[in-house]
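Participant: Quick one: the structure is below, and I'll ask about it shortly.
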Amino acid sequence: MGSSTYMPKSKVGKWFEERLPIMGLLHSTVGAGYNTPRNLNYWWNFGSLAGFMLVVQILTGIILVMHYTPNSELAFRSVEHIMRDVNYGWLMRYTHSNGASMFFVVVYIHILRGMYFGSYKSPREVLWFLGLVIYLLMMATGFMGYVLPWGQMSFWGATVITNLFGAFDFYNGMGESILHLLWGGFSIDNPTLQRFFSLHYLFPFIIVGVVILHIWALHLPGSNNPLGIDAKGPGDKIPFHPYYTAKDAFGLSFFIVIFALFIFYMPNIMGEPDNYIEANPMLTPAHIVPEWYYLPFYTILKAVPDKLFGVIAMFSSILIFFVLPWLDGSKVRSAKFRPATAFFFWLFLADVLFLGYCGTKLPSDIIIDAGGGINALVLGRIASVFYFAYFIVIIPVVSRMETTKPVPTSIAQSVLDARKEG
1 MGSSTYMPKS
11 KVGKWFEERL
21 PIMGLLHSTV
31 GAGYNTPRNL
41 NYWWNFGSLA
51 GFMLVVQILT
61 GIILVMHYTP
71 NSELAFRSVE
81 HIMRDVNYGW
91 LMRYTHSNGA
101 SMFFVVVYIH
111 ILRGMYFGSY
121 KSPREVLWFL
131 GLVIYLLMMA
141 TGFMGYVLPW
151 GQMSFWGATV
161 ITNLFGAFDF
171 YNGMGESILH
181 LLWGGFSIDN
191 PTLQRFFSLH
201 YLFPFIIVGV
211 VILHIWALHL
221 PGSNNPLGID
231 AKGPGDKIPF
241 HPYYTAKDAF
251 GLSFFIVIFA
261 LFIFYMPNIM
271 GEPDNYIEAN
281 PMLTPAHIVP
291 EWYYLPFYTI
301 LKAVPDKLFG
311 VIAMFSSILI
321 FFVLPWLDGS
331 KVRSAKFRPA
341 TAFFFWLFLA
351 DVLFLGYCGT
361 KLPSDIIIDA
371 GGGINALVLG
381 RIASVFYFAY
391 FIVIIPVVSR
401 METTKPVPTS
411 IAQSVLDARK
421 EG
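Going left to right, the sequence shown walks through residues 1 to 422 as UniProt numbering numbers them.
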């Protein structure tokens, strides 16, 4: 991240800084020693919001673990004990469960912002990769956390998702062996719950480690900006503190209000009612659905008739983001100057939202009544085709053929021109 220019004023501070320059590290990482583009807007707040939510999830998770029992006979009751008997246990649980959803909200916006403004392009490819690794770890952590309450949806959701790994039966018995390894036995039971609990507790700390690498990778090329151009001179940059710390603090205060509305007034709006029923291996829920943040990929899974190819399609829909820097052949980063790219980006976003909507429906549910009725399965397949076409066809073709708008020569000049126009 470079050498720090931080100089403590007190003798004690200087003595400590010479032996452990942690304040200098903070100064050059999130303080006045870190210069950032002067034109960052509020879409750049979501990185700090993601960091805030990670801390919230870890702290509330540690408190919940003090009262949770990872046993298939006691897990459901221990969650009810937290809700009813532990002082402010309801607050910790609702903060943690809704915090997971809010964590995914800010990370999804963070990813979409990176896509729109070209933050995945050179020289920030490794930064993009590390962000995707964080997202994959979040998905694994969220899935295992969903299992821990040991309600009906927890149990049967775990059954459906873990059975997907049985599709990788390339050799005789290979898929079954993978399942037994995941389950810790011949079916989902106490060993499965204990494995998921252990990994659910471990993964957030792995995420913290990757976040540190993510921040490190950010500081080498510096932050991208809405124009997608490099900061060339001192007039293009301002210190992160106090300008962006104040901006982040304002965004955080607004975000906390929204977060609190969910915790105190709508704590179960993003959950499943069936999860308030204790897990029963003999009774299958009418409709098994994952958490909302997995729904687009769940729709892609259901859209493919073959189990193995469905699993491959689902994983490919996530892993394809890793090759995005090479699919996009444009020399201009920001979609602000790429009208065709911006148009298809918004179509892609609408498609992802529609995939999520289809994921909440049964395959046979009629969504469009016209022409005898079109069900969720057919529409999910159409949306899945567009999803992959966006990456494989649209981005490579459009990025190499579209006519871009003139790009400003510098950030400072763009800011000054905007002020004159205003």
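Glycine is no exception: its CB is placed at the ideal position from the N, C-alpha and C atoms. Remember, it's a predicted structure, so these values are computed and weren't measured experimentally.
Should Trp44 be labelled buried (16 or more other beta-carbon atoms within 10 Å of its own) or exposed?
Facilitator: In the sequence shown, counting from the first residue as 1, residue 44 sits at position 44. Flag for Trp44 reads buried.
Participant: CB-CB under 6 Å to His67, same chain, minus the five flanking residues each way: which ones, in chain order?
Facilitator: Mapped onto the sequence shown, residue 67 falls at position 67. Contacts found: Ile82, Val86.
Participant: Count the other CB atoms within 10 Å of the CB of Gln413; is the residue buried (16 or more) or exposed (fewer)?
Facilitator: In the sequence shown, residue 413 corresponds to position 413, counting from 1. Classification of Gln413: exposed, given that the 10 Å Cβ count is below 16.
Participant: Using DSSP's beta-bridge definition, name the partner residues of Lys232.
Facilitator: Within the sequence shown, residue 232 is the residue found at index 232, counting from 1. Lys232 is not bridged to any residue.
Participant: From the DSSP output, in three-state form, read off Pro325 for me.
Facilitator: Within the sequence shown, numbered from 1, the residue matching residue 325 stands at position 325. Here Pro325 sits in helix by DSSP.
Participant: Select from Gly356, Gly251, Ala350, Ala260 the residue whose C-alpha is nearest the C-alpha of Glu291.
Facilitator: The residue you call residue 291 lines up with position 291 of the sequence shown. For the residues Gly356, Gly251, Ala350, Ala260, the minimum Cα distance to Glu291 belongs to Gly356.
Participant: Within 10 angstroms of the Cβ of Glu272, are there 16 or more other Cβ atoms? Answer buried if so, exposed if not.
Facilitator: Here residue 272 is taken as the residue at index 272 of the sequence shown, counted from 1. Burial call: buried.
Participant: Going by beta-carbon coordinates alone, are Ile63 and Met23 separated by less than 9 Å?
Facilitator: For this step, residue 63 is matched to residue 63 along the sequence shown. For this step, residue 23 is matched to residue 23 along the sequence shown. Their beta carbons are not under 9 Å apart, which means Ile63 does not touch Met23 by this criterion.
Participant: Counting pairs of Cβ atoms below 8 Å between the region 116-129 and the region 163-178, do you hit three or more?
Facilitator: Cβ pair count under 8 Å is below three, so no.
Participant: Please state whether the Cβ-Cβ distance between Leu49 and Gly251 is less than 9 Å.
Facilitator: Taking the sequence shown and counting its residues from 1, one reaches residue 49 at position 49. Taking the sequence shown and counting its residues from 1, one reaches residue 251 at position 251. Cβ distance < 9 Å, so Leu49 and Gly251 count as in contact.
Participant: Would you mind reading off the limits of the alpha helix (DSSP H) that contains Asn190?
Facilitator: Numbered from 1 along the sequence shown, position 190 holds the residue referred to as residue 190. It spans 190-219 - the alpha helix (DSSP H) in which Asn190 sits, taken as one unbroken run.
Participant: Applying the 10 Å Cβ sphere with the 16-neighbour rule, what's the burial state of Gly209?
Facilitator: Numbered from its first residue, the sequence shown carries residue 209 at position 209. Under this definition Gly209 is an exposed residue.
Participant: Express the C-alpha separation of Ile288 and Phe344 in angstroms, rounding to a whole number.
Facilitator: Numbered from its first residue, the sequence shown carries residue 344 at position 344. Numbered from its first residue, the sequence shown carries residue 288 at position 288. When rounded, the distance between both Cα atoms is 32 Å.
Participant: Since residue 427 is in the beta strand (DSSP E), which residue starts that stretch and which ends it?
Facilitator: There is no way to answer for residue 427, as the model of the chain reaches only from 1 to 422.
Participant: How many whole angstroms separate the CB atoms of Phe46 and Val106, which I take to be in contact at a CB cut-off of 8 Å?
Facilitator: For the purposes of this step, residue 46 is identified with residue 46 of the sequence shown, where counting begins at 1. For the purposes of this step, residue 106 is identified with residue 106 of the sequence shown, where counting begins at 1. Going by Cβ atoms, the distance from Phe46 to Val106 rounds to 5 Å, so yes, they are a contact pair.
Participant: How long is the line joining the alpha carbons of Phe205 and Ile178, rounded to whole angstroms?
Facilitator: Within the sequence shown, residue 205 is the residue found at index 205, counting from 1. Within the sequence shown, residue 178 is the residue found at index 178, counting from 1. For Phe205 and Ile178, the distance between alpha carbons rounds to 25 Å.
Participant: Are three or more beta carbon pairs between the region 303-317 and the region 379-390 nearer than 8 Å?
Facilitator: They touch, by the three-pair rule.
Participant: In angstroms, rounded to a whole number, what distance separates the CA positions of Leu136 and Asp351?
Facilitator: For this step, residue 136 is matched to residue 136 along the sequence shown. For this step, residue 351 is matched to residue 351 along the sequence shown. Rounded to whole angstroms, Leu136 to Asp351 spans 21 Å at the Cα level.
Participant: Could you check what DSSP says for Thr159 in three-state terms: helix, strand or coil?
Facilitator: Within the sequence shown, residue 159 is the residue found at index 159, counting from 1. Looking at Thr159 - three-state DSSP - the assignment turns out to be helix.
Participant: So for Pro239, helix, strand or coil by DSSP?
Facilitator: Within the sequence shown, residue 239 is the residue found at index 239, counting from 1. It is a strand residue.
Participant: Tell me whether the region 311-324 and the region 366-380 touch, counting them as touching only if at least three CB pairs, one residue from each stretch, are closer than 8 Å.
Facilitator: The region 311-324, when compared against the region 366-380, does not touch it at the 8 Å Cβ threshold.
Participant: Going by the beta-carbon positions, is the gap between Arg38 and Ile238 smaller than 9 Å?
Facilitator: Locating residue 38 in the sequence shown gives position 38, counting from the first residue. Locating residue 238 in the sequence shown gives position 238, counting from the first residue. Yes, Cβ-Cβ distance for Arg38 and Ile238 is below 9 Å.
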